[in-house]
Each structure stands twice: as structure tokens, then as C-alpha cells.
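J.: The structure under discussion is supplied below as C-alpha cells; questions concerning it will follow.
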Amino acid sequence: MKTPLRSKQGCWTCRLRKKKCDERQPACSVCESLLITCYGYGPKPEWMDDAEEEKAMISSIKQIVKHTSRRRGRRDTPQTQIQRVDNDQNVQNLAPTPVSKVQGASSPNLKSSVDSQAAARDEHSQMRSIGSSINSIPESSAIPASEAVLLMHFLDNVFPLQFPMYQSGIAEGGRGCFLSLILRKKPLLHAVLCLSVYHRETVLAASSASRGEVNWDRLEEHHAICLAELQKAIGNMDRSVSESCTKDGLGIAASMMQLIFFELFVGKTNMWQMHLRAATDLLDEGYNGQSALLIKFSTTPEANGTSDAEPLEYDPPSTEEEVMTKLFVGVVIWLDIIASVTTGTTPRLLSLHPFVLSPGSQIQLENIMGCQNWPMLQISRIAALHECKYQALRDGCFDAAKFESTADDIKKILRRGLAEGFLRYLTVSDSDPDPLQSADIPLPLLITHLFALTACIYLHVVVSGFETDVEDLKSTLAEAMMVIREKIPQNMWHVIVWPLYVTGTVASEEEMEFFRKVFRSPQLLNPSLEHRRRILPLLEETWRMRETTARWWDWESSVRPLNNSLLLL
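Those letters in the sequence shown? Residues 424 to 992, by the working numbering.
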């Protein structure tokens, strides 16, 4: 039974904290002085009717009060005292704000991605007051030297780790545009610094030159600032989502992207899923809101009428805006598809794929993760087919004919793509009929070929289970193994984690040792990528169950032990 709240007239925050409230309108001075959200005197907030949400809110507020008080005790100056007098104009409170208060962000995931993470922070958390900072960093402000070091470490080491195949034209500015966005958006800056601290210190700790551990206090300080600033940025989205997604929300989108990677790399929770849901919601709402910039990227300039002869119906975006929007859209689409394979669910953005991943789209995944659009589109269809199959079986309405028809269509597209993929590299004088023997095949084409072969394997398992004694599967597996062993350099294995895992699930007993070697190799087991250490044990479990319960073991069974928590990157 809950203990009674102290005051029946005070603001909801003070009543939650069981503290005396001065009942000042519209926000009490107690909450204001502690830099926490005053929930006012109106109807009881919905989260107070949920024990878990109320507990999380109390925990979050306690953390903020604790660190605000400690920070003031050691850092108060006449200047900061003067700043606190102007809280009405300058201070934006850090305690979680109900979704209903967020303007312009219609999806609750945009808020829950931040609020739930703040409540779940462990004992390492070092939340600090942000005072009167604003979401955008003034151009005149310079970051400290220590942060500059971390920022360059991110650009030189972490960004290439996230996007090893990233390509951007010279005219587009590449990573320079990302740097510009980082320096202007405080949530993104601290998301990047947080990830940089983690990567730098884990690498140093793993080296012979250091035996230390990750400085979690420093890391969590940046993490806390990122979450607080991201919350404020979402709260300030007071325009339509379609505009915010590509302008005001670009920093939010990029911050979410980095938080996904941070949670994935640390590998301790599945919190990356929450950030990915928020990012997919933001993108989905941008398209549904008919964002002109997003629609533009889904077709060629000729197709959407953006040639020089026809004026644009919206303000032309900057190069930075275009580059970053294309990167964000591509990354979210990519992660959404890969996540759907291990969660056993339909990609959340499946409805966007036919035009976002169309041949004429300006979103080209091969420039981000190495694989062309067409295999990724079919992989997303297979994931949807898998969920549809098991949902229909559970409901007792499985349509076998429709299922087989869809599977056949996917298979034909994949086989046609595999056959056509290398035609331009063949000449009349070629004596070797096998185009894979050519030494001049670009790496993205090899990666695309491998993803397409792996998609065929994935389709087979979804349709027929782990029936490996099938000639079609054997030939596909043999070709995939040849590409992995002979064509893709070992230093690029980290680009093909998804194909390696899926191919490994149907590996023969002789090939299993090869996959053990791969998933134990330094090329994959980067000390900062904690999540990859979980892949081989899961693969071993699949092999064991495949041998002992071959008749019943299928893809649904194989992903169940993952508990929706592993992203194969």
C-alpha cells in the first residue's frame, strides 16, 4: 500500500517527493530552484497511477536533486546565483516530462526513448545540472581541449567503426558535415563524446600499455547531459514533425543514431531497441507528413521534378542538411531491417521500403554499410513473411498457397539479382565463365553478392526450417562460403557480421570450426564492441539444437534465445 502524499494542495512534484510546497503559480519555487520539472496543480499525472512509472520518476528526480545540490555546493559563484534568479526565462528543467506535454512529437517513443533510459541508469550515473544551457551550442563557444581530443577520436576511430563502408562525394563534405552538426547540437555532441570516451578507454584498457578500466563516471556524465538535452530538444519541437524531421529534428535524429550505437556497443542492456523505435517513428512521421526533403531522396531528381527548369516548392536544403538526412535515413532503414531478422518481426518501416530502397532512390545503402538496396529490400520482405507465417499459425488461419507464392517471388528476385550482378564485368574474351573469379570486382559488389546469397539461405530456413540436406541450399551455402573465405578480406569481416551469422546457422560440421575462428578473431572482437562476444555462444546453441531437434528447430526457435536483444553488426 502506498504511503500518503504529504500535501494535498502542493504541486504534484512536491507531493511525489513528500516535500513542503510554496504553491507558487504556475511553477513552485522549490522545483525551480532544484532544476526539476514542476508538474503543477491540475489533474493527477497519468504516470502516478502506474507503480513502475512512478518509481522510475522518483528515482530520476532524486538523481537530479542529488547532483544539482552537490554541484551547487562546490561550484556556486555570484554569477551562477544571478543566473538562478532568471530561471523563468532561461532554465529548462531536466526531470522527465510527460509525453502529453511534448509538442510536435506525436509518437510516445520519442519521449520514452529518453525518459525510460534516464530512469534505468545504474549506480555509475553521474547526472549533473545543465543550468541555462540551450540545445544549440553558440558558434562563438569553444569546446575544451579534452573534448576536442575526444571529438577527433570519434571522427578518426569510432565513425569508421560504425560505418566502415561510408562514402560521400567530395562536394558533399562527408564527415565534415557531421562535424558541423555535432558542434551545433548539444545532445549530439555529448552522445558523440559519450561513445568516444567508451571506445577510447576500452581500447586503452585492452592494450598492453594500460591495465585500467573504463571511466564510467566521465562516460555517464556525457550520457546524462545527452539525455537531458535530447529531452529538451524533443520538448521544443513545436512545429510539424515533417519540418522538424529534416530541420530542427536533424540533431535529434543524429543523437538517437549515436545512442543506438552506444547501447549496442556497451552490450549490457537492450536499450538500443528503444532508441531505434524512436528513430523509426521520427522517420515514419516525416514521410507520412510528406516532408519534401525526404520524398525528394526517394526518387531521382528527374523523377520528382527538381531539375533546374522547375522551381522547388520548398526551401532548398543546405548540403549539410542533405548529407546528414540521407545518412540518417539510410542508417535507420538498415538497422531496422537487421534488427527485424533477430527479433523475428516485420521491419517497422516496411511500408517505406519500396520507394526509399527503389533503384532510383538517392538513399544508397552500399555507401553506408556496403550492400546495395535490392538484397536489403528482399531481406525485409523475408522478415515480414516470417512474422506473418507464425502469426497466422497461432491464429489458425495460415494460407499456405499465399505464403509459398510470396516466398517464390522473393526467391526469383534474389536469383535474378545474383545472375545479373556481375554481367557488366564480363567481356567477350572472358574464358572463365565464373565472374566471381575476376580479381577486379569492387568490394561493395562482393558484399552485395554475399548478402543476396545469405538472403536465400535466410528464406530457406524461414520456409523449410533447418533442413540442410537440400541441394539448392547446399549450392548456395558453398558459394557463400567461397565468397567469405576467398573474396572478402579478413580485415573487412566486421562489415559482414549478419551474413556470417545467418550462413553459420546452416554450416556443416566441417565448416563450424571456421565460424568459431571467425567469431573469435580480432577482426570481429574489437574490445569496444561488447555485443559481438555474445554471437558465437548463440551460434553454438543453434548448432546443438539443430542436431538434437532438427525436425522442430526453425528460425523462430533459433531467435528466441536472443530475447530480441542482439543486433548483428
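Glycine included, C-beta positions come from ideal geometry on N, C-alpha and C.
Keep in mind that this is a model prediction, so the values were computed, not measured.
Shortest alpha-carbon distance to residue 749 belongs to which of 768, 922, 787 and 435?
T.: Minimum Cα distance to residue 749 is reached at 787.
J.: Could you compute how far the alpha carbon of residue 898 sits from the alpha carbon of residue 708?
T.: Between residue 898 and residue 708, the C-alpha separation is close to 43 Å.
J.: Taking the C-alpha atoms as reference points, what is the distance between residue 868 and residue 455?
T.: Looking at the two C-alpha atoms, the distance is approximately 58 Å.
J.: What is the DSSP secondary structure of residue 879, counted as helix, strand or coil?
T.: Correct three-state label for residue 879: helix.
J.: Using DSSP with H/G/I as helix, E/B as strand and the rest coil, what is residue 887?
T.: Helix, per DSSP.
J.: Excluding sequence positions up to five away, which residues of its chain have a Cβ less than 6 Å from the Cβ of residue 797?
T.: So the qualifying residues of the chain are 840.
J.: Counting along the chain, where does the alpha helix (DSSP H) carrying residue 768 start and finish?
T.: Where residue 768 is concerned, there is no enclosing alpha helix (DSSP H), given that its DSSP letter is neither H nor E.
J.: Within its chain, find whatever has a CB closer than 8 Å to the CB of residue 477; leave out the 5 residues flanking it on each side and keep chain order.
T.: Closer than 8 Å at the Cβ level, and outside the excluded window around residue 477, lie 439, 470 and 471.
J.: From this set, 628, 695 and 616, which residue's C-alpha is nearest residue 649's C-alpha?
T.: Answer by Cα proximity: 616.
J.: Would you tell me roughly how many angstroms separate the C-alpha atoms of residue 446 and residue 467, rounded to the nearest one?
T.: Between residue 446 and residue 467, the C-alpha separation is close to 16 Å.
J.: Among 689, 744, 765 and 453, which has the Cα closest to the Cα of residue 989?
T.: Residue 765 is the option with its Cα nearest to residue 989.
J.: What is the rounded straight-line gap between the Cα of residue 514 and the Cα of residue 804?
T.: At residue 514, the pLDDT of 29 sits below 50, so the modelled position is not reliable; the number obtained from the coordinates is stated separately. Computed Cα separation, rounded: 47 Å.
J.: Starting from residue 589, follow the alpha helix (DSSP H) in both directions and report where the run begins and ends.
T.: Run containing residue 589: none; DSSP gives neither H nor E here.
J.: How is residue 693 classed by DSSP in three states: helix, strand or coil?
T.: Three-state result, residue 693: coil.
J.: For residue 907, tell me which candidate among 886, 925 and 892 has the shortest Cα-Cα distance.
T.: Ranking 886, 925 and 892 by Cα distance to residue 907 puts 925 first.
J.: For residue 839, which three-state DSSP category applies?
T.: Correct three-state label for residue 839: helix.
J.: Could you tell me the boundaries of the alpha helix (DSSP H) in which residue 797 lies?
T.: First-last of the alpha helix (DSSP H) with residue 797: 796-818.
J.: According to DSSP, is residue 823 helix, strand or coil?
T.: Note: residue 823 maps to helix in three-state DSSP.
J.: Going by other Cβ atoms of all chains shown within 10 Å of its Cβ, with 16 needed for buried, is residue 981 buried or exposed?
T.: Flag for residue 981 reads buried.
J.: Look at the alpha carbon of residue 934 and the alpha carbon of residue 905, and state the distance between them as a whole number of angstroms.
T.: Taking the straight line from one Cα to the other gives about 12 Å.
J.: Quick one: grab the DSSP three-state call for residue 569.
T.: DSSP places residue 569 in helix when its eight states are reduced to three.
J.: Rounded to whole angstroms, how far is the Cβ of residue 801 from the Cβ of residue 756, which I believe are closer than 8 Å?
T.: At roughly 14 Å, the Cβ-Cβ gap does not stay under 8 Å, so residue 801 and residue 756 are not in contact.
J.: Since residue 922 contacts residue 877 with CB under 8 Å, what's their CB separation in whole angstroms?
T.: Between residue 877 and residue 922 the Cβ distance is about 4 Å, and since that is below 8 Å, they are a contact.
J.: At the level of alpha carbons, what is the spacing between residue 571 and residue 624?
T.: Each residue's Cα considered, the two are about 16 Å apart.
J.: Below 8 Å on the Cβ atoms is my guess for residue 581 versus residue 627; work out the distance and round it to an integer in Å.
T.: With a Cβ gap of about 14 Å, residue 581 and residue 627 do not count as contacting.
J.: Quick one: using the 10 Å Cβ neighbour count with 16 as the cut-off for buried, is residue 678 buried or exposed?
T.: Buried.
J.: According to the neighbour-count rule (16 or more other Cβ atoms, all chains shown, within 10 Å of its Cβ), is residue 608 buried or exposed?
T.: Classification for residue 608: buried.
J.: Return helix, strand or coil for residue 993, following the three-state DSSP convention.
T.: Here the chain covers residues 424 to 992 and nothing more, so residue 993 does not appear.
J.: Answer yes or no: do residue 699 and residue 675 have a C-beta to C-beta separation smaller than 9 Å?
T.: No. Outside cutoff.
J.: Using the C-alpha atoms, what's the distance from residue 742 back to residue 673?
T.: Using only the alpha carbons, I get a separation of about 13 Å.
J.: Which of the three DSSP states is assigned to residue 462 in this structure?
T.: Residue 462: coil per DSSP, three-state reduction.
J.: If we ignore side chains and look at the alpha-carbon of each, how far apart do residue 711 and residue 808 end up?
T.: Roughly 24 Å separates the two Cα atoms.
J.: Can you find the residues in the same chain that come closer than 7 Å, C-beta to C-beta, to residue 773, ignoring five residues on each side of it along the sequence?
T.: Only 803 and 807 meet the Cβ criterion.
J.: When you compare only the Cα positions, how much space is there between residue 613 and residue 835?
T.: Going from the Cα of residue 613 to the Cα of residue 835 covers about 46 Å.
J.: Just to confirm my understanding: we take residue 977, look at its own chain, exclude 5 residues before and 5 after, and list those with CB closer than 6 Å. What are they?
T.: The residues are 888.
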